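*Asks:* Take this structure, written in structure tokens, and hold onto it; I'll ask about it next.
Chains as they are written, first to last, in my numbering: chain A, 125 to 861; chain R, 31 to 366.
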């Protein structure tokens, strides 16, 4: 009795847990159909109420594969042989070397072996006889102490890896900006697989993926002139922007920030041992220590986030403070009304937070409402702008307007930091804080001059730093640029995203620079990879591309689902007819099996593909097979004249070995499929493996629990569809016993 | 309800006849398959493949003319699961995949064909563009996958039973995969079935391996059990007994799974019907081979090795005859 209770609790728990994982899926698809049913006007209202739930459910639902919803699947590969050729010293390249590269290229096409190993072998074969070594060809590698062929190979191998990482970074950012919902970008070896569900225009996507990224150094404009321009933008927009259609929710709680502490230091490698470093004492500085809530055009009126009101209060407070300003435009209005008016008058500058510093080393002060004042009252100094992702989207929209563009001077471009900083460490945290920069239109210097960039730790402070080396041409210009812009900031821009904007500490001659201020090693590494963009000339090739039209996706779903229901229905019918009551119990188990399998898929954040549905169908077959095995065994035992209880118990026990064997062999093939298959096949394998495991629970454990429970309650006959004679026999035997 | 219970069929005694059947079917199937030619899908071949749907049905011939005129001579055309849907495949010089030219192929095809049929709107269903490297790689992996699966199963059965049984099981598997492969090649394109070799077919072959081993394992399992129960009984009798005892399960499972697959074959559309067909063949041969190849093989080897008393076979034949006789008499008695 006790064991049955434990069994029941286990079953109940698993069903409840499964429900917990499946609930978001159910909720998402029902919310989504609701959302799609309303028109665009009603959707704004709908979004303001349900958007959060919808997004939350979306993140946890079972996703549909590209074959089921349409989309674009692209596999790209970094052309490593081209990189090997490009990095070699142009003057040293001769025919044997070209031959080595060429054979490497051909072999790499057909092999999974690391390209660098293939190259090493071919180099030995083709160049070896000439007596020249790798060092003769790779003269600009910055090998450091260890100057040997092995070091060259290690460095080249590292370059290839970095080229892949960098390509991934660029692709990730571009896809992110392209705005496909839920893109998937995965890196395997030197391949990058991009999946864009729902994307249709492959030309556009291809353009996005294949253009070379450009690394540029641009001066940051952060003086009062920028603030003046922003005020002008406000004025342009003020009369024209209808508040009603800017109801975009932008939760702009800004976290503490520390980006302004990045600095550039001249550290010629030779000087490294020298512990006299300049300007290092001021390396870390608390920057904008603001945790202020910022105004945005948030008209959803959430209590506590009605920041427009706060901003207005602040501004009126300030204006009365300074002079009891008779020109206060909001005089005599209620606070709420002031907030509304302030928002209406400052549609642009309320999208971000403005922090003022007297100079790059001083403490920041929140001056978001400074735009209420006159340009003449804007103090000289450094201004920083912080915002969230939602704000970025809105600003991009506004900046695209011709009337706004007209007031922005020719040499000013607005750029945003590549990655937001968030305290939660959550991926895609909507509250992550980004920087907005105004930079010069033309680059001071482009990335081609960078020969190497590495992450490192500062010997003095132990902080992560990035070392950057330039060739002689670059070094000269860099010395010139840094000399002219001491205490100013230089933005490192890749693909129009700012990765760092360090303040120049001194004139950097000799081409070797050190960038401090990275928050952690990971960030330093990313910066190093980005800086190498110019040095790693590795083209990316598309080697596989699959596009599934949405209509085929829909068709696949309806056919897949129809055939699954039909198949399941017929099997259920067969079981119920052939094994009578036992069959009905088995049917229930099969249904629960599918339910549990789906729940595990949801919990694993797996994607359901068409082959996945196939896997589910095969699972149904396996589950039914398990019960057939058991029931046939029970019937045999009954035919031998065993009591009902004995027959049930023996049936399960004796069938168990066979069930374990069949399930294990199927799991073995499933694992092999997963290891050797790609995308959709892996989907099949995953569903199959999960389904088979679930079968052990449902077809064996659950059905047995049902029978034990019934027998415990005194049931004297169970109908497994056995011939009458046996049933009678068992009943009489039962009676005798 | 009950079918096939308490049978006393002499499976093992007829093994020599069925060896011939298996050999003939496999060899003839493979010859026919190679004569017909194996069609690789672009998963394994590389190239560009685009599927379109027309708003009005157009005869394939007319589309072919349009494709030829568009400059894609030698492009393959087939119906894609419906009269209004067509699949165009260009086995291009695959080295251009990744270059702008190859990438635009899908669109170019659509534009050119569309211009030949004004007023008949074409929808792009899918485009696959696969480089030669991926194709070759996948082919290699497919073969390795099937071989590794077989090796793993040989190991498992050896571990759970005996090496000889494992060998029998793997020979049965090879037979099933070869027959399924041969039939897939032979029936490719017949009744509108799309059975070219691609990744989905690979999945099907591996699932055939998994399922076919199930039947074998269940019979072996029963043999192991009966050995303990009926000590001293010779292996042939044991085997026949075990096969007969598991027959209801064998048939019921084969039937239900076949039922599921027939439905998949009919209703799942072009994307899964290759999978369903191959599995269906695999299930049927798997059921057959677990008896007439896996089990029979073990007996034949033991007889060859002299480990089974040759007289046992005669005794066994008499025994079976006797059982059959008894059953007949009992039935007659009941009838009276």
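A virtual CB, placed ideally from N, CA and C, is assigned to each residue, including glycine.
Owing to the predicted nature of the structure, the values given are computational and were not obtained by experimental measurement.
#1: Which residues, in order along the segment 669 to 694 of chain A, keep a beta-carbon less than 7 angstroms from a beta-carbon of chain R?
#2: Taking C-beta pairs closer than 7 angstroms, name the residues in chain R that residue 705 (chain A) reaches, listed in chain order.
#3: Taking contact to mean 3 or more Cβ pairs, one atom from each stretch, closer than 8 angstroms, check whether the segment 146 to 159 of chain R and the segment 76 to 85 of chain R are in contact.
#4: Run through chain R and tell me which residues come within less than 7 angstroms of residue 735 (chain A), C-beta to C-beta.
#5: Taking Cβ positions, are residue 746 (chain A) and residue 793 (chain A) nearer each other than 8 angstroms?
#6: Output the boundary residues of the beta strand (DSSP E) element that contains residue 947 (chain A).
#7: On the DSSP bridge assignment, give the partners of residue 80 (chain R) in chain order.
#8: Residues of chain A with CB closer than 7 angstroms to the CB of residue 298 (chain R), please, in chain order.
#9: How is residue 689 (chain A) classed by DSSP in three states: helix, strand or coil?
#10: Could you spell out the range, first to last residue, of the alpha helix (DSSP H) harbouring residue 313 (chain R)?
#11: Compute the Euclidean distance between the alpha carbons of residue 491 (chain A) and residue 476 (chain A), then round it to the nearest angstrom.
#12: For residue 303 (chain R), count the other beta carbons within 10 Å of its own beta carbon; 16 or more makes it buried, fewer makes it exposed. Which is it?
#13: Measure the C-alpha to C-alpha separation of residue 822 (chain A) and residue 160 (chain A) and round it to an integer number of angstroms.
#14: Using 8 angstroms as the cut-off, can you tell me whether the segment 733 to 743 of chain A makes contact with the segment 830 to 843 of chain A, which would need three or more C-beta pairs spanning the two stretches below that distance?
#15: Which term fits residue 173 (chain R), buried or exposed, when burial requires 16 or more other beta carbons within 10 angstroms of its beta carbon?
#16: Could you tell me the alpha carbon to alpha carbon distance between residue 225 (chain A) and residue 209 (chain A), rounded to whole angstroms?
#17: So, does the CB of residue 101 (chain R) fall closer than 8 angstroms to a CB anywhere in chain A?
#18: If the cut is a Cβ gap below 9 angstroms, which residues of chain A does residue 335 (chain R) touch?
#19: If you drop the 5 nearest sequence neighbours on each side, which residues of the same chain put their C-beta closer than 8 angstroms to that of residue 279 (chain R)?
#20: Just confirm the distance between the C-beta atoms of residue 622 (chain A) and residue 539 (chain A), as a whole number of angstroms; I'd bet it's less than 8 angstroms.
#21: What are the uninterrupted segments assigned as alpha helix (DSSP H) that are 4 or more residues long and contained completely in the segment 236 to 288 of chain A, given in chain order?
#22: With DSSP collapsed to three states, give me the class of residue 866 (chain A).
#23: Should the segment 565 to 577 of chain A be called in touch with the segment 324 to 343 of chain A, which here means at least 3 C-beta pairs below 8 angstroms?
#24: Hey, is residue 318 (chain R)'s beta-carbon within less than 8 angstroms of any beta-carbon in chain A?
#25: Can you tell me where the beta strand (DSSP E) with residue 575 (chain A) in it begins and where it stops?
#26: Just to confirm, is the Cβ distance from residue 594 (chain A) to residue 641 (chain A) under 8 angstroms?
#27: For residue 410 (chain A), collect the residues of the same chain with a Cβ closer than 6 angstroms to its Cβ; drop the 5 residues on either side in sequence, then sort them by chain order.
#28: Listed in chain order, which residues of the segment 186 to 198 of chain R have Cβ atoms closer than 7 angstroms to some Cβ of chain A?
#29: Can you name, in chain order, every residue of its own chain whose Cβ lies under 6 angstroms from the Cβ of residue 129 (chain R), other than the five neighbours on each side?
#30: Grab me the residues of residue 743 (chain A)'s own chain with a C-beta within less than 6 angstroms of its C-beta, minus the 5 sequence neighbours each way, in chain order.
#31: Give the residues of chain R in contact with residue 319 (chain A), contact being defined as C-beta atoms less than 7 angstroms apart.
#32: Does the beta-carbon of residue 524 (chain A), which I'm using as the reference point, lie nearer than 7 angstroms to any heavy atom of the ligand HEM?
#33: Tell me which same chain residues have a C-beta within less than 7 angstroms of the C-beta of residue 308 (chain A), skipping the five on either side of it?
#34: Below 8 angstroms on C-beta distance, what does residue 305 (chain R) contact in chain A?
#35: Quick check on this structure: which residue in A:316, A:315, A:323 has the alpha carbon closest to the alpha carbon of residue 305 (chain A)?
#36: Flag this pair as touching only if the segment 237 to 253 of chain A and the segment 291 to 300 of chain A have three or more C-beta atom pairs under 8 angstroms; answer yes or no.
*Replies:* In short, the structure shows the following:
#1: 669, 670, 671, 672, 673, 675, 676, 679, 680, 683, 684, 686, 687, 690, 691, 694
#2: As a working note, residue 705 (chain A) is residue 581 in the first chain. Per Cβ cutoff of 7 angstroms: no residues; residue 705 (chain A) is ~12 angstroms from chain R at best.
#3: yes
#4: Position 611 of the first chain, counting from 1, holds the residue named residue 735 (chain A). In chain order: 230, 233.
#5: Against the first chain, residue 746 (chain A) aligns to sequence position 622. Against the first chain, residue 793 (chain A) aligns to sequence position 669. No, they are not a contact pair.
#6: The structure shown has nothing for residue 947 (chain A), since chain A only spans 125 to 861.
#7: The sequence position of residue 80 (chain R) within the second chain is 50, counting from 1. Partner(s): R:118, R:157.
#8: Position 268 of the second chain holds residue 298 (chain R). Under the 7 angstroms cutoff, chain A gives 683, 684, 687.
#9: As a position in the first chain, residue 689 (chain A) is number 565, starting the count at 1. In this structure, residue 689 (chain A) counts as helix in the three-state DSSP scheme.
#10: Reading the second chain from its first residue, position 283 is the one you call residue 313 (chain R). From DSSP, the alpha helix (DSSP H) with residue 313 (chain R) extends over 303 to 319.
#11: As a working mapping, residue 491 (chain A) is identified with position 367 in the first chain. As a working mapping, residue 476 (chain A) is identified with position 352 in the first chain. One C-alpha to the other measures close to 11 angstroms.
#12: Here residue 303 (chain R) is taken as the residue at index 273 of the second chain, counted from 1. Residue 303 (chain R) comes out buried.
#13: The residue you call residue 822 (chain A) lines up with position 698 of the first chain. The residue you call residue 160 (chain A) lines up with position 36 of the first chain. Cα-Cα distance, rounded: 37 angstroms.
#14: no
#15: Here residue 173 (chain R) is taken as the residue at index 143 of the second chain, counted from 1. Residue 173 (chain R) is exposed by the Cβ-count criterion.
#16: Numbered from 1 along the first chain, position 101 holds the residue referred to as residue 225 (chain A). Numbered from 1 along the first chain, position 85 holds the residue referred to as residue 209 (chain A). Cα-Cα distance, rounded: 7 angstroms.
#17: Numbered from 1 along the second chain, position 71 holds the residue referred to as residue 101 (chain R). No, its Cβ sits nowhere closer than 8 angstroms to a Cβ of chain A.
#18: Position 305 of the second chain, counted from the start, is the residue given in the question as residue 335 (chain R). Within 9 angstroms Cβ-Cβ: nothing; residue 335 (chain R) doesn't reach chain A, min ~26 angstroms.
#19: Indexing the second chain from 1 puts residue 279 (chain R) at position 249. Excluding positions up to five away in sequence, the list reads 248.
#20: Counting from 1 along the first chain, the entry for residue 622 (chain A) is found at position 498. Counting from 1 along the first chain, the entry for residue 539 (chain A) is found at position 415. The pair is a contact, with the Cβ atoms about 5 angstroms apart (cut-off 8 angstroms).
#21: 239 to 250, 258 to 261
#22: A query on residue 866 (chain A) cannot be resolved here, the shown segment of chain A reaching from 125 to 861 and no further.
#23: yes
#24: As a first step, residue 318 (chain R) must be located in the second chain, where it is residue number 288. No, residue 318 (chain R) does not count as interfacial toward chain A.
#25: Locating residue 575 (chain A) in the first chain gives position 451, counting from the first residue. Residues 574 to 581.
#26: Within the first chain, numbered from 1, the residue matching residue 594 (chain A) stands at position 470. Within the first chain, numbered from 1, the residue matching residue 641 (chain A) stands at position 517. No. Outside cutoff.
#27: On the first chain, position 286 is the one that residue 410 (chain A) refers to. In this prediction, residue 410 (chain A) has a pLDDT of 33, which is less than 50 and means its spatial position is unreliable; nothing more can be read from the coordinates.
#28: 186, 190
#29: Here the question's residue 129 (chain R) lines up with position 99 in the second chain. Since pLDDT at residue 129 (chain R) reaches only 48, below the 50 mark, its modelled position is unreliable, and the value read off the structure follows with that caveat. Closer than 6 angstroms at Cβ, skipping near neighbours: no residue.
#30: For the purposes of this step, residue 743 (chain A) is taken as residue 619 along the first chain, with counting starting at 1. Excluding sequence neighbours, residue 743 (chain A) sits near 815.
#31: Sequence index remark: in the first chain, residue 319 (chain A) carries index 195 (1-based). Under the 7 angstroms cutoff, chain R gives no residues; its nearest Cβ is about 14 angstroms from residue 319 (chain A).
#32: As presented, the structure is devoid of all ligands, the ligand HEM included, so that no description of it is given.
#33: For the purposes of this step, residue 308 (chain A) is taken as the residue at position 184 of the first chain. The answer, listed in chain order, is 319.
#34: Numbered from its first residue, the second chain carries residue 305 (chain R) at position 275. Those are 735, 738, listed as they occur along chain A.
#35: As a working mapping, residue 305 (chain A) is identified with position 181 in the first chain. Among A:316, A:315, A:323, the Cα nearest to that of residue 305 (chain A) is on A:323.
#36: no
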